[in-house]
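Colleague:
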Amino acid sequence: MLTGHTGFKGAWLALWLQRLGAEVTGVSLAAPTTPNLFALAQVAQGMTSHICDIRDAQALAALVCQVRPDVVLHLAAQALVRASYRDPLETFSTNIMGTAHVLDALRGQLGTRVAVMVTTDKVYRNLEHPYPYREDDTLGGHDPYSASKAASELVIASYRDAFLTEQGMAVASARAGNVIGGGDWAEDRLIPDCVRAWQAGQTLVIRRPDAIRPWQHVLEPLAGYLRLAEALWQQPGLAGAYNLGPPTHEAASVKTVVELARSPREICPVGYENDSNSVHEAGWLALEIAKARAQLGIHPRWSLAEAVTRTMAWYRSQHAGADARELCEADIAAYEGTA
206 MLTGHTGFKG AWLALWLQRL GAEVTGVSLA APTTPNLFAL AQVAQGMTSH ICDIRDAQAL
266 AALVCQVRPD VVLHLAAQAL VRASYRDPLE TFSTNIMGTA HVLDALRGQL GTRVAVMVTT
326 DKVYRNLEHP YPYREDDTLG GHDPYSASKA ASELVIASYR DAFLTEQGMA VASARAGNVI
386 GGGDWAEDRL IPDCVRAWQA GQTLVIRRPD AIRPWQHVLE PLAGYLRLAE ALWQQPGLAG
446 AYNLGPPTHE AASVKTVVEL ARSPREICPV GYENDSNSVH EAGWLALEIA KARAQLGIHP
506 RWSLAEAVTR TMAWYRSQHA GADARELCEA DIAAYEGTA
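In our numbering, the protein residues as written are 206 to 544.
#1: Would residue 410 pass as a contact of residue 466 if the rule is Cβ separation under 9 angstroms?
#2: Buried or exposed: which applies to residue 399, given that a residue is buried once 16 or more other Cβ atoms fall within 10 Å of its Cβ?
#3: Where DSSP assigns a beta bridge to residue 320, which residues make up the other side?
#4: Just checking, does the stretch 223-243 make contact with the stretch 206-214 on the three C-beta pairs under 8 angstroms criterion?
#5: Could you pull out every residue in the same chain whose Cβ sits closer than 8 angstroms to the Cβ of residue 208, ignoring the five residues on either side in sequence?
#6: Specify whether the stretch 443-456 and the stretch 388-407 touch according to this definition: at least 3 beta carbon pairs, one from each stretch, less than 8 angstroms apart.
#7: Can you give, in chain order, each stretch of the alpha helix (DSSP H) that sits fully within the stretch 405-453 and has at least 4 residues?
#8: How is residue 249 classed by DSSP in three states: helix, strand or coil?
#9: Just to confirm my understanding: we take residue 385, look at its own chain, exclude 5 residues before and 5 after, and list those with CB closer than 8 angstroms. What are they?
#10: Could you have a look at residue 254 and say whether DSSP puts it in helix, strand or coil?
#11: Confirm, please, whether the CB-CB distance from residue 362 to residue 318 is below 9 angstroms.
#12: Near residue 510, which residues of its chain fall below 7 angstroms by C-beta distance, leaving aside the five closest residues on each side in sequence?
#13: Could you tell me if residue 472 is buried or exposed, where buried requires 16 or more neighbouring beta carbons within 10 angstroms of its beta carbon?
#14: Which word fits residue 435, buried or exposed, when buried means at least 16 other C-beta atoms lie within 10 angstroms of its C-beta?
#15: Using three-state DSSP, classify residue 208 as helix, strand or coil.
#16: Inspect the beta-carbon positions of residue 425 and residue 452 and report whether they are closer than 9 angstroms.
#17: Can you say whether residue 346 is buried or exposed, counting buried as having 16 or more other CB atoms within 10 angstroms of its CB?
#18: Compare the Cα-Cα distances from residue 329 to each of 322, 314, 371 and 350 and report the closest residue.
#19: Between residue 522 and residue 312, what straight-line distance do the alpha-carbon atoms span, to the nearest angstrom?
#20: Whole-angstrom Cβ separation of residue 304 and residue 382, contact assumed at under 8 angstroms?
#21: Does the distance from the CB of residue 448 to the CB of residue 356 come in under 9 angstroms?
#22: Going by the DSSP bridge assignment, what does residue 329 pair with across the sheet?
#23: Do residue 320 and residue 377 have their beta-carbon atoms positioned less than 9 angstroms apart in this structure?
#24: For residue 302, which residues from the same chain have a beta carbon less than 7 angstroms from its beta carbon, with the 5 sequence-adjacent residues on both sides left out?
#25: Between the beta-carbon of residue 359 and the beta-carbon of residue 310, is there less than 9 angstroms?
Right, here's the structure in full:
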């Protein structure tokens, strides 16, 4: 069972699971944007898709009882920082109570052996210290999105310790964020903003060019989720929290990513600003990934430059008429070939 399968990351993961031969059931709201990868790549083909709000505890529990999943990958969320300022209650209800509903629906599901609960790299109390955050650092969150995800980590740990470990289910949280890749059209995300502006012949306006984030291609954390699920199936004692991201030295500024994304053969105008009057967003964030490397054998495969190059090539090809599903499958095959 994959929640959030109509979203950007969820659609990519659904395609990869289909490629691996998994029997996939998706649970999600309708795709949040137009256009969207779920429709363009015809992700619903080859899987069972249910439109269901994870805030509806009864409907979700009924679906879980119907599906009786072996593995649960929980990606459904309100995933945008600036949107969380506009509607904090929706963010809290989706990310905290929605996560609780998923976990509660799994109580008594003795056939479910693994649950990978996806949170974010923003779950840490970010003091802007120049060091990468580790899994045992203090949780927190200034903005409602970050706070909701930090709170969901407590919910996950509680259900794991109080109920699910005892019934034989291995539960882990995966903390990753700032993913890029073809097929994302969400608001207030860097690469989609680049694509929208440049395809329309407009100047891209960047609010915080010096903000530093652990950018990675979408296939990097998805590979981590799959490896984590596999490891938990084999060794339930590995249950816990894991950071997934690029090497610390690859954390890069917004300006760096934009300059990598600009094509030397096209007109890609950019205006850099320093918007001190906007809502609060962290200026520096990086993750320590030693635990995932040591315990799961996870090693990032694509550099930031390659991730950006592949992402922009995806958008240019799709804009020129290429099939979205074929573009995704080509990237997945290329990623698998770098193992």
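Where is the CB? At the ideal position from N, CA and C, for every residue including glycine.
Modeller: If we stick to the structure as given:
#1: With contacts defined by Cβ atoms closer than 9 angstroms, residue 410 and residue 466 do not form a contacting pair.
#2: Counting Cβ neighbours within 10 Å, residue 399 comes out buried, since at least 16 surround it.
#3: For residue 320, which the question treats as bridged, DSSP gives the partners 277 and 376.
#4: Touching, yes, given that three or more Cβ pairs across the two stretches are closer than 8 angstroms.
#5: Answer for residue 208: 215, 231, 232, 233, 259, 277, 278, 279, 280, 281 and 307, listed in chain order.
#6: Segments in contact, no.
#7: Taken in chain order, the whole alpha helix (DSSP H) runs of length 4 or more contained in the stretch 405-453 are 424-439.
#8: Secondary structure at residue 249: coil, using DSSP grouped into helix, strand and coil.
#9: Excluding positions up to five away in sequence, the list reads 395, 396, 420, 421, 422, 423, 462, 512, 513 and 516.
#10: Look at residue 254 here: in three-state DSSP terms it is strand.
#11: No, the pair does not count as a contact, with Cβ atoms beyond the cut-off.
#12: The answer, listed in chain order, is 465.
#13: Using a 10 angstroms sphere on the CB of residue 472, the tally of other CB atoms stays under 16, which defines it as exposed.
#14: Around the Cβ of residue 435, a 10 Å sphere holds fewer than 16 other Cβ atoms; the residue is exposed.
#15: Residue state, collapsed to three classes: strand.
#16: Cβ atoms of residue 425 and residue 452: not closer than 9 angstroms.
#17: By the neighbour-count rule (16 or more Cβ atoms within 10 Å), residue 346 is buried.
#18: Ranking 322, 314, 371 and 350 by Cα distance to residue 329 puts 350 first.
#19: Residue 522 and residue 312: Cα-Cα distance of roughly 45 angstroms.
#20: In fact, because the Cβ distance is near 16 angstroms, the residues do not count as touching under 8 angstroms.
#21: Not closer than 9 angstroms, so no.
#22: 344.
#23: It is a contact, given that the beta carbons lie within the stated cut-off.
#24: Once the five neighbours on either side are set aside, the close Cβ partners of residue 302 are 260.
#25: Cβ distance not < 9 angstroms, so residue 359 and residue 310 don't count as in contact.
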